[in-house]
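Protein sequences appear in the order of chains A and B.
Take the first sequence: its letter number 68 is residue 69 in my numbering, and every next letter is one higher.
Take the second sequence: its letter number 11 is residue -9 in my numbering, and every next letter is one higher.
Idealized CB from N, CA, C, for every residue including glycine.
Predicted, not measured: the structure shown is a model, and the values here were computed from it.
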Amino acid sequence: EDQVTQSPEALRLQEGESSSLNCSYTVSGLRGLFWYRQDPGKGPEFLFTLYSAGEEKEKERLKATLTKKESFLHITAPKPEDSATYLCAVQDRGSTLGRLYFGRGTQLTVWP
Amino acid sequence: DTAVSQTPKYLVTQMGNDKSIKCEQNLGHDTMYWYKQDSKKFLKIMFSYNNKELIINETVPNRFSPKSPDKAHLNLHINSLELGDSAVYFCASSQGLAGGYEQFFGPGTRLTVL
Chain A
2 EDQVTQSPEA LRLQEGESSS LNCSYTVSGL RGLFWYRQDP GKGPEFLFTL YSAGEEKEKE
62 RLKATLTKKE SFLHITAPKP EDSATYLCAV QDRGSTLGRL YFGRGTQLTV WP
Chain B
-19 DTAVSQTPKY LVTQMGNDKS IKCEQNLGHD TMYWYKQDSK KFLKIMFSYN NKELIINETV
41 PNRFSPKSPD KAHLNLHINS LELGDSAVYF CASSQGLAGG YEQFFGPGTR LTVL
């Protein structure tokens, strides 16, 4: 059973069209939830860590939020350079320390 | 300065060969990891080391053997390569194991087994 489910699998937005990506998770206890961005041919680039429900973090056009069951990555007025695959991962307090469970990602395309 | 580096970036080899991938981090982190990303882009952990001690050893064929000569280096040796080993392998590091520290990834090594 997947611990992390991301939706949608793919999302196409026009430049300036705001939207949200979803990451739902199933863990015995959340140690941390992580968002990464991955460009083609590159390694995942760290964006945010969220630790507890109600927490929010922002970086430029991106804002990540967390509830007890899911996280959202809100993208406000996206630009073509925001096109990438966005990965969500969780650390479970019930698992071996350091183990990250990744979702399968949302491939975002922003067209001009 | 590159935080987590891997060599080589591309590796093309024949079935049955033995190959190694090297990883180095200059972040001063205690923990390092190896991940495999399959053709569907799914990232899955293979191994982790903390202060040169093996912590996570996922269900990986024993043809895969990690080695950590020091805290800054984690290498991956693969014996008797098979077609199914073709994937992108990522090294990562984090400050430690506890505390929910973020992991920083290298650029990846694309392994193609012919």
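Cross-chain neighbours of residue i in chain B, by beta carbon under 8 Å
{"i": "A/P9", "result": "Within 8 Å Cβ-Cβ: nothing; A/P9 doesn't reach chain B, min ~15 Å."}
{"i": "A/K70", "result": "Correct list: empty, because the minimum Cβ distance to chain B is about 18 Å."}
{"i": "A/K43", "result": "P87, G88"}
Residue i versus the options, residue with shortest Cα-Cα distance
{"i": "B/V(-16)", "options": "A/Q7, A/T77, A/V28, A/G44", "result": "A/G44"}
{"i": "B/L30", "options": "B/K2, B/L77, B/F44", "result": "Checking the sequence, you will find Asn at residue 30 of chain B rather than Leu. Ranking the options by Cα distance to B/N30, first place goes to B/L77."}
{"i": "A/F62", "options": "A/E18, A/S25, A/E10", "result": "According to the sequence shown, residue 62 of chain A is Arg rather than Phe. It is A/E18 whose Cα lies nearest to the Cα of A/R62."}
{"i": "A/Y52", "options": "A/R38, A/K69, A/K60, A/Y87", "result": "A/K69"}
{"i": "A/G55", "options": "A/G42, A/F47, A/P41, A/S72", "result": "A/S72"}
{"i": "B/D50", "options": "B/E62, B/Q5, B/D18", "result": "B/Q5"}
{"i": "A/E82", "options": "A/Y26, A/Q15, A/L74, A/Q4", "result": "A/Q15"}
beta-carbon residue i near the ligand PLP non-hydrogen atom, thresh 7 Å
{"i": "A/S25", "result": "As for the ligand PLP, it is missing from this structure, which has no ligand bound."}
Residue i burial status per 10 Å Cβ neighbour count (16 or more: buried)
{"i": "B/M12", "result": "buried"}
{"i": "B/N59", "result": "exposed"}
{"i": "B/T89", "result": "buried"}
{"i": "B/N55", "result": "buried"}
{"i": "B/K16", "result": "buried"}
{"i": "A/A78", "result": "exposed"}
{"i": "B/D65", "result": "buried"}
{"i": "B/P41", "result": "exposed"}
{"i": "B/G86", "result": "buried"}
{"i": "A/G104", "result": "buried"}
{"i": "A/W112", "result": "exposed"}
{"i": "A/T107", "result": "buried"}
{"i": "A/Q92", "result": "buried"}
{"i": "A/T86", "result": "buried"}
{"i": "B/Y(-10)", "result": "exposed"}
{"i": "A/L109", "result": "buried"}
Contacts that residue i makes with chain B (C-beta to C-beta distance below 9 Å)
{"i": "A/F47", "result": "E82, Q83, F84, F85"}
{"i": "A/T86", "result": "K21"}
{"i": "A/T6", "result": "Under the 9 Å cutoff, chain B gives no residues; its nearest Cβ is about 12 Å from A/T6."}
Contact set between residue i and chain A, taken where Cβ atoms lie within less than 7 Å
{"i": "B/S74", "result": "G99"}
{"i": "B/A109", "result": "In the structure displayed, chain B extends from -19 to 94; residue 109 of chain B sits before or after that span and is not available."}
Interface residues of chain B facing residue i [CB-CB closer than 7 Å]
{"i": "A/T77", "result": "The premise fails here: A/T77 is roughly 23 Å from chain B at the closest Cβ pair, so nothing lies under 7 Å."}
Checklist line | Segments of 3+ residues assigned as beta strand (DSSP E) that fall wholly inside the region 16 to 45 of chain A | finding: 20 to 26, 31 to 39
Check: What residues in the region 11 to 42 of chain B bring their beta carbon closer than 8 Å to a beta carbon of chain A?
Finding: T11, Y13, K20, K21, F22, L23, K24, I25, S28, N30, I35, I36
Checklist line | Within 8 Å of chain A by C-beta, residues of the region 42 to 69 of chain B in sequence order | finding: none
Checklist line | Ranges of the beta strand (DSSP E) found wholly within the region 48 to 73 of chain B, counting only runs of at least 3 | finding: 53 to 58
Checklist line | Contact residues within the region 11 to 29 of chain A, judged by C-beta distance below 8 Å to chain B | finding: none
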